[in-house]
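Quick note on this note's numbering: the sequence shown kicks off at 24 and runs consecutively. Report on one structure; see the data block that follows.
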Amino acid sequence: MDLLPEEFKAYIAPGADRAAILQDYLHDRGVDSAIAAIDGRQHILVQFDSRFYNPQFKIKTVIAHYDRVEGSPGANDNSAANFQIADWAAELAKWQGFHNVRIFFTDGEELGWSNGTLQQGAYGIANVFKRLGITNDDIYVFDSCGRGEVPILARTALPPKVPAGFAKAFGDLYARTQELLRRACPGRWMSLPVPYSDNASFLACGIPAVALTMLPAQEASLYARELVNSKNLEAQVMNREASKQKRLSGEQPDFSYKERLPRTWRLFHTPNDNIESLSKESWRIMHNILTSLAEAKAI
24 MDLLPEEFKA
34 YIAPGADRAA
44 ILQDYLHDRG
54 VDSAIAAIDG
64 RQHILVQFDS
74 RFYNPQFKIK
84 TVIAHYDRVE
94 GSPGANDNSA
104 ANFQIADWAA
114 ELAKWQGFHN
124 VRIFFTDGEE
134 LGWSNGTLQQ
144 GAYGIANVFK
154 RLGITNDDIY
164 VFDSCGRGEV
174 PILARTALPP
184 KVPAGFAKAF
194 GDLYARTQEL
204 LRRACPGRWM
214 SLPVPYSDNA
224 SFLACGIPAV
234 ALTMLPAQEA
244 SLYARELVNS
254 KNLEAQVMNR
264 EASKQKRLSG
274 EQPDFSYKER
284 LPRTWRLFHT
294 PNDNIESLSK
304 ESWRIMHNIL
314 TSLAEAKAI
């Protein structure tokens, strides 16, 4: 992809100091950042001057993990979203008026893929939010947004006995996100079950959070049809946490459903999650979504 900055190639190279490259990239574009060390993880926090915040409206916290699995370039998971959001941060630093956005590039998300939500780096952030009483933010998680042209809002099944207030807050956030997608990409987004994301860490702490990703149109359509034709597929995807626990306890979980997932997701954690797998159109669509997010205001 010819639109990628030179820093992107360095970022996905083996042995790259990804935190340093990302902070340098932000600094070179006029964006200050700081390391937030929590539970041994090195998160990168971006907050803007006070003039960009209006206390009458909700803070919008944007999350994107910057760690990757060893042996994979991680071009889509999650380098693309890191650079898309970093470029957006440079725009936010010069925004006219207020936007109420803060950004965390999180460390340790990939641990949650294999070891469970409580091991995700974002779980430490969510715990800090909970301890400080920061439970009223709108939290948006962007994960793997560099391939495809169809934004996917992760369908989330809340446990049946969650407090009514939490269920309502999550429902309101989900509805606001749907409206945001209608504005940013009318008729070109879907809501589907997604087997990954840092939003699980916040939900586990009782803090509403939504997750967004991207898929090629054909893959999204095929996956939607699989969900209709395979009645147990959604339950298998949504209960991936239970599969982790089975594996950790010595039982053999059923991962046969993976072959019915979109090809984009099956590239994760492999050498094929590379620059060649990315698509230009994703950058334009993500820019529309992020711009609409900066403009959104909720009380």
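Just so it is clear, CB atoms sit at the ideal spot from N, CA and C, and this is done for glycine as well. Note that the coordinates shown come from a computational prediction; the quantities given were computed from them, not determined experimentally.
When we look at the beta-carbon of residue 101 and count the other beta-carbons within 10 Å, is it buried (16 or more) or exposed?
Its Cβ being crowded by 16 or more others within 10 Å, residue 101 is buried.
Please state whether DSSP places residue 287 in a helix, a strand or coil.
Under the three-state reduction of DSSP output, residue 287 falls in the helix class.
Taking all protein chains shown into account, do 16 or more other C-beta atoms lie within 10 angstroms of the C-beta of residue 26, making it buried, or fewer, making it exposed?
Burial check for residue 26: the Cβ neighbour count within 10 Å stays below 16, so the residue is exposed.
Where does residue 122 fall in DSSP's three states?
For residue 122, the secondary structure class from DSSP, reduced to helix, strand or coil, is coil.
Could you name the residues of the same chain whose beta carbon sits closer than 7 Å to that of residue 126, not counting the 5 residues immediately before and after it, in chain order?
Leaving aside the five residues that flank residue 126 on each side, the residues in its chain whose CB is nearer than 7 Å to its CB run, in chain order, 69, 85, 108, 112.
Cβ atoms of residue 280 and residue 260: under 8 Å apart, would you say?
Yes, the pair counts as a contact, with Cβ atoms nearer than the cut-off.
When you compare only the Cα positions, how much space is there between residue 153 and residue 229?
Cα to Cα, residue 153 sits roughly 8 Å from residue 229.
Segments of 3+ residues assigned as beta strand (DSSP E) that fall wholly inside the region 202-237:
Entirely contained in the region 202-237, the beta strand (DSSP E) runs reaching 3 residues are, in chain order, 213-216.
If you check the beta carbons only, do residue 287 and residue 242 fall under 8 Å apart?
Closer than 8 Å, so yes.
Backbone CA spacing between residue 58 and residue 46 [nearest angstrom]
Answer to the nearest angstrom: the Cα atoms are 9 Å apart.
Is it the case that the CB of residue 224 approaches a heavy atom of the ligand PLP more closely than 7 Å?
As for the ligand PLP, it is missing from this structure, which has no ligand bound.
If I'm right that residue 196 touches residue 233 with Cβ under 8 Å, what's the distance once you round it to whole angstroms?
6 Å between Cβ atoms; contact.
Given 8 Å, three or more beta-carbon pairs between the region 197-213 and the region 171-185
At 8 Å Cβ cutoff, the stretches touch.
Could you give the DSSP three-state label for residue 157: helix, strand or coil?
Reduced to three states, the DSSP call for residue 157 is coil.
Cα separation between residue 35 and residue 301?
For residue 35 and residue 301, the distance between alpha carbons rounds to 13 Å.
Could you check which residue in 160, 72, 116, 132 has the C-alpha nearest to that of residue 82?
Sorting 160, 72, 116, 132 by C-alpha distance to the C-alpha of residue 82 places 160 at the top.
Between the C-alpha atoms of residue 297 and residue 306, what's the straight-line distance to the nearest angstrom?
Cα to Cα, the separation comes out at about 16 Å.
DSSP beta-bridge partners for residue 66?
DSSP lists 59 as partners of residue 66.
Measuring CB to CB, does residue 42 end up less than 8 Å from residue 65?
Taking 8 Å as the cut-off, the Cβ atoms of residue 42 and residue 65 count as close.
Return the bridge partner residues of residue 164 from the DSSP annotation.
Beta-bridge partners of residue 164 (DSSP): 86, 234.
For residue 87 and residue 236, what's the separation of their Cα atoms in angstroms?
Just so you know, the alpha carbons of residue 87 and residue 236 end up roughly 11 Å apart.
Top-ranked residue by Cα proximity to residue 299, from 49, 170, 93
For residue 299, the closest C-alpha among the options 49, 170, 93 is that of 170.
Measure the alpha-carbon distance for residue 99 versus residue 90 and round it to whole angstroms.
Rounded to whole angstroms, the separation of the alpha carbons of residue 90 and residue 99 is 12 Å.
Assuming the contact rule is C-beta atoms closer than 8 Å, residue 317 and residue 115 should be a hit. Round their C-beta distance to whole Å, please.
That pair is a contact at about 6 Å.
On the premise that residue 193 lies in contact with residue 121, defined as a C-beta separation below 8 Å, what is that separation, rounded to the nearest angstrom?
Not confirmed; about 25 Å, so no contact.
Exposed unless 16 or more other CB atoms sit within 10 angstroms - verdict on residue 51
It counts as exposed.
For residue 322, count neighbouring C-beta atoms within 10 Å of its own C-beta (all shown protein chains included) and say buried if the count is 16 or more, exposed if not.
Flag for residue 322 reads exposed.
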